[in-house]
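Novice: Dropping the structure in here first, questions after.
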Amino acid sequence: MNIRVMGKSLGTVLGVGALAMMPSLVVCFIYGETPWPFIASIALLAGLGLSLSCIPMPSTPIYGRDGFAIVALSWLALSFFGGLPFYISGVVPGMADAFFESASGFTTTGASILTQVENLPRGILFWRSSTHWLGGMGVLVLTLTILPLAGGSSLHILRAESTGPTPGKLVPKMRQTAKILYGLYVVFTVVQILLLLLAGMPLYDSMVHAFGTVGTGGFGIKNASVGSYNNLAAEVIITVFMLACSINFSLYYQLLKKNIKAVLTDQELWFFLGTAGASMLLITLNLWGSVFDTAGQAFRHASFQVASVMSSTGFATVDFNLWPSFSKMILFFLMVIGASAGSTGGGIKCIRALLLFKIARRSIIKALHPRSIHLVRMGDRVIEEETLTEVLTFFFLYFGLFAVSSLCISLEGKDLVTTISSVVTTLSNIGPGFELVGPAGNFSSFSAPSKLLFSFCMIAGRLEFYPMLLLFAPTFWKRASL
Numbered sequence: 018m019n020i021r022v023m024g025k026s027l028g029t030v031l032g033v034g035a036l037a038m039m040p041s042l043v044v045c046f047i048y049g050e051t052p053w054p055f056i057a058s059i060a061l062l063a064g065l066g067l068s069l070s071c072i073p074m075p076s077t078p079i080y081g082r083d084g085f086a087i088v089a090l091s092w093l094a095l096s097f098f099g100g101l102p103f104y105i106s107g108v109v110p111g112m113a114d115a116f117f118e119s120a121s122g123f124t125t126t127g128a129s130i131l132t133q134v135e136n137l138p139r140g141i142l143f144w145r146s147s148t149h150w151l152g153g154m155g156v157l158v159l160t161l162t163i164l165p166l167a168g169g170s171s172l173h174i175l176r177a178e179s180t181g182p183t184p185g186k187l188v189p190k191m192r193q194t195a196k197i198l199y200g201l202y203v204v205f206t207v208v209q210i211l212l213l214l215l216a217g218m219p220l221y222d223s224m225v226h227a228f229g230t231v232g233t234g235g236f237g238i239k240n241a242s243v244g245s246y247n248n249l250a251a252e253v254i255i256t257v258f259m260l261a262c263s264i265n266f267s268l269y270y271q272l273l274k275k276n277i278k279a280v281l282t283d284q285e286l287w288f289f290l291g292t293a294g295a296s297m298l299l300i301t302l303n304l305w306g307s308v309f310d311t312a313g314q315a316f317r318h319a320s321f322q323v324a325s326v327m328s329s330t331g332f333a334t335v336d337f338n339l340w341p342s343f344s345k346m347i348l349f350f351l352m353v354i355g356a357s358a359g360s361t362g363g364g365i366k367c368i369r370a371l372l373l374f375k376i377a378r379r380s381i382i383k384a385l386h387p388r389s390i391h392l393v394r395m396g397d398r399v400i401e402e403e404t405l406t407e408v409l410t411f412f413f414l415y416f417g418l419f420a421v422s423s424l425c426i427s428l429e430g431k432d433l434v435t436t437i438s439s440v441v442t443t444l445s446n447i448g449p450g451f452e453l454v455g456p457a458g459n460f461s462s463f464s465a466p467s468k469l470l471f472s473f474c475m476i477a478g479r480l481e482f483y484p485m486l487l488l489f490a491p492t493f494w495k496r497a498s499l
């Protein structure tokens, strides 16, 4: 393990974290709020980042596990230091709460321990939503667009931080790939801010909601989330962008290259759109007449909540915890499935659900025709057996960690629905669950150890388990033989 490479890379990431706090510091000055929580946090991040960046580079090669370690440690460090403004300002009572809130932001989960947000300082709320935007595309991907990380380990880092079973490069150079991704990300953000302004939202509100939408995070500045505005145009805009940012960003690059065929033949895209559309229709029919008087009202809220849950954003226009069991079960399944690979959304990803279906189908065919040779394909591409094994391993890790975490959280003595949904919503980076952790609730009633476990689940889910779980393997830290 190249400790000096990890230290130097971590220093670069912390330096970028200090720069990321600057806009929130400016917001404090604009609204006449005390800037000291951010000044102290920036000074500490900058000092540590500069000290670590001065570590001399070794001549030993960079291994894939170095990339996993850099990503895992960077996310843990940023979640800790990102919580300092919450703690120093007194917004949260302890560091466990601050770490939870920060980890929830960076992982774009949107779960919160705050019971009231409307009276909080604007600078704090701006930073809270900014963590969504920073974590949505990936903190390390952002770092690659600004500064090269130590040791030329860019490919290992991108693979460790990207979502989906087969992340790769859009162009030969990794740094150029990172710039393309963040270029698209910035365009989406700016366009949504402008559209929300046209819909009647103030500039500050438009910015924080765009950060939460494009990053698929869900932190808002109103206790009733987006529903407090009662603005149909804003809801439509946010719904469209939640869905758009749940689609693999590489498809947008293909559109820019005018490779329409690659987009239209993408099976994951159609699986995502089909699942979202069918869910909206079924929930609309279930709500029409029982919860809402008109089909228009039912579709308005059904479509928003389906987009919010499947994209793992977590915004809400109503308390879906009060909906019929049929609608809530659909939303629960969508929490698990999540968005597309290569997007800013969470969950197990649509491509894995689709591949799991194809694997099951192949197993049934093999049972009927033992000597047949049946390849798993995605379009014209044959999926390698190694990738299929990784998909099955991911499902085992997801449900294994879900089972262990649920058992631990059950010691809190909460009801079964709260216990299960709280774990699923943190593992899948959704935000709100059901019952006590529903859209009208929060995670404040859990103990500090449970909040730390939830924080681990959020980071592990965002990084898709391997970087975080490998930290507990003793052999992971041994020096590699050359």
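Using the working numbering, read the sequence shown as starting at 18 and increasing by one per residue.
Even glycine gets a Cβ: it sits at the ideal position worked out from N, Cα and C.
Short check: CB of S296 to CB of I376, under 8 Å?
Specialist: Taking the sequence shown and counting its residues from 1, one reaches residue 296 at position 279. Taking the sequence shown and counting its residues from 1, one reaches residue 376 at position 359. Taking 8 Å as the Cβ cut-off, S296 and I376 do not qualify as a contacting pair.
Novice: I'd like to know whether the C-beta atoms of F332 and K345 end up nearer to each other than 8 Å.
Specialist: Taking the first residue of the sequence shown as position 1, residue 332 is located at position 315. Taking the first residue of the sequence shown as position 1, residue 345 is located at position 328. Contact: no.
Novice: Buried or exposed: which applies to G313, given that a residue is buried once 16 or more other Cβ atoms fall within 10 Å of its Cβ?
Specialist: For this step, residue 313 is matched to residue 296 along the sequence shown. With fewer than 16 other Cβ atoms within 10 Å, it is exposed.
Novice: Do three or more CB pairs link the segment 370 to 389 to the segment 422 to 438 at distances below 8 Å?
Specialist: No contact exists between the segment 370 to 389 and the segment 422 to 438.
Novice: Once the 5 residues before and after C474 are set aside, which same chain residues still bring their CB inside 6 Å of it?
Specialist: Here residue 474 refers to the residue found at position 457 when the sequence shown is read from its first residue. The answer, listed in chain order, is S422, T443, L444.
Novice: Under the assumption that G127 contacts G448 (Cβ atoms under 8 Å), give the Cβ distance between them as a whole number of angstroms.
Specialist: One-based indexing of the sequence shown puts residue 127 at position 110. One-based indexing of the sequence shown puts residue 448 at position 431. Right, the Cβ-Cβ distance comes to about 3 Å (below 8 Å), so this counts as a contact.
Novice: Should the segment 407 to 417 be called in touch with the segment 323 to 331, which here means at least 3 C-beta pairs below 8 Å?
Specialist: No, the segment 407 to 417 is not in contact with the segment 323 to 331.
Novice: With a 10 Å radius around its C-beta and 16 neighbouring C-beta atoms as the bar for buried, classify A227 as buried or exposed.
Specialist: For the purposes of this step, residue 227 is identified with residue 210 of the sequence shown, where counting begins at 1. With 16 or more other Cβ atoms within 10 Å, it is buried.
Novice: Buried or exposed: W144, going by 16 or more other Cβ atoms within 10 Å of its Cβ?
Specialist: In the sequence shown, residue 144 corresponds to position 127, counting from 1. So W144 ends up on the buried side.
Novice: Provide the residue span of the alpha helix (DSSP H) that contains E403, from first to last.
Specialist: In the sequence shown, the residue the question calls residue 403 occupies position 386. Taken as a continuous stretch (DSSP letters only), the alpha helix (DSSP H) holding E403 covers 402 to 427.
Novice: State the CB to CB distance for the pair F85 and P484, rounded to an integer number of angstroms; the pair is presumed to be in contact (CB under 8 Å).
Specialist: In the sequence shown, counting from the first residue as 1, residue 85 sits at position 68. In the sequence shown, counting from the first residue as 1, residue 484 sits at position 467. The pair is a contact, with the Cβ atoms about 4 Å apart (cut-off 8 Å).
Novice: So for L399, helix, strand or coil by DSSP?
Specialist: Numbered from 1 along the sequence shown, position 382 holds the residue referred to as residue 399. In the sequence as presented, Leu is not what sits at residue 399; that position holds Val. It is a strand residue.
Novice: So, with DSSP's three-state summary, where would you put R394?
Specialist: In the sequence shown, the residue the question calls residue 394 occupies position 377. Looking at R394 - three-state DSSP - the assignment turns out to be strand.
Novice: How is W305 classed by DSSP in three states: helix, strand or coil?
Specialist: Working through the sequence shown from its first residue, we reach residue 305 at position 288. In the structure shown, W305 sits in a strand (DSSP, three-state: E or B).
Novice: What residues in its chain sit with their C-beta under 7 Å from that of L213, if we drop five residues either side in the sequence?
Specialist: Position 196 of the sequence shown, counted from the first residue, corresponds to residue 213. Taken in chain order, the residues that qualify are S223, H226, A227, A251, I254.
Novice: Does the distance from the CB of L405 to the CB of L372 come in under 8 Å?
Specialist: The residue labelled residue 405 in the question sits at position 388 within the sequence shown. The residue labelled residue 372 in the question sits at position 355 within the sequence shown. Cβ atoms of L405 and L372: closer than 8 Å.
Novice: Using the C-alpha atoms, what's the distance from A113 back to A465?
Specialist: In the sequence shown, residue 465 corresponds to position 448, counting from 1. In the sequence shown, residue 113 corresponds to position 96, counting from 1. About 6 Å.
Novice: What residue from L281, L268, T148 has the CA that sits closest to F103's CA?
Specialist: Counting from 1 along the sequence shown, the entry for residue 103 is found at position 86. Measuring from the Cα of F103, the nearest candidate turns out to be T148.
Novice: Reducing DSSP to helix, strand and coil, say where R379 ends up.
Specialist: Residue mapping note: residue 379 aligns to position 362 of the sequence shown, counting from 1. R379 falls in the helix class under three-state DSSP.
Novice: Taking only three categories from DSSP, how would you classify I347?
Specialist: Reading the sequence shown from its first residue, position 330 is the one you call residue 347. In this structure, I347 counts as helix in the three-state DSSP scheme.
Novice: Where does D222 fall in DSSP's three states?
Specialist: Translated into the one-based positions of the sequence shown, residue 222 becomes position 205. Note: D222 maps to helix in three-state DSSP.
Novice: Using 10 angstroms around the beta-carbon of T29, count the other beta-carbons present and answer buried if the total reaches 16, otherwise exposed.
Specialist: Numbered from its first residue, the sequence shown carries residue 29 at position 12. Buried: at least 16 other Cβ atoms inside 10 Å.
Novice: Take G111 as the anchor and find which of F97, T124, F123 has the nearest alpha-carbon.
Specialist: Within the sequence shown, numbered from 1, the residue matching residue 111 stands at position 94. The shortest Cα separation from G111 among F97, T124, F123 belongs to F97.
Novice: Quick one: what does DSSP say G363 is sitting in, helix, strand or coil?
Specialist: Position 346 of the sequence shown holds residue 363. Coil.
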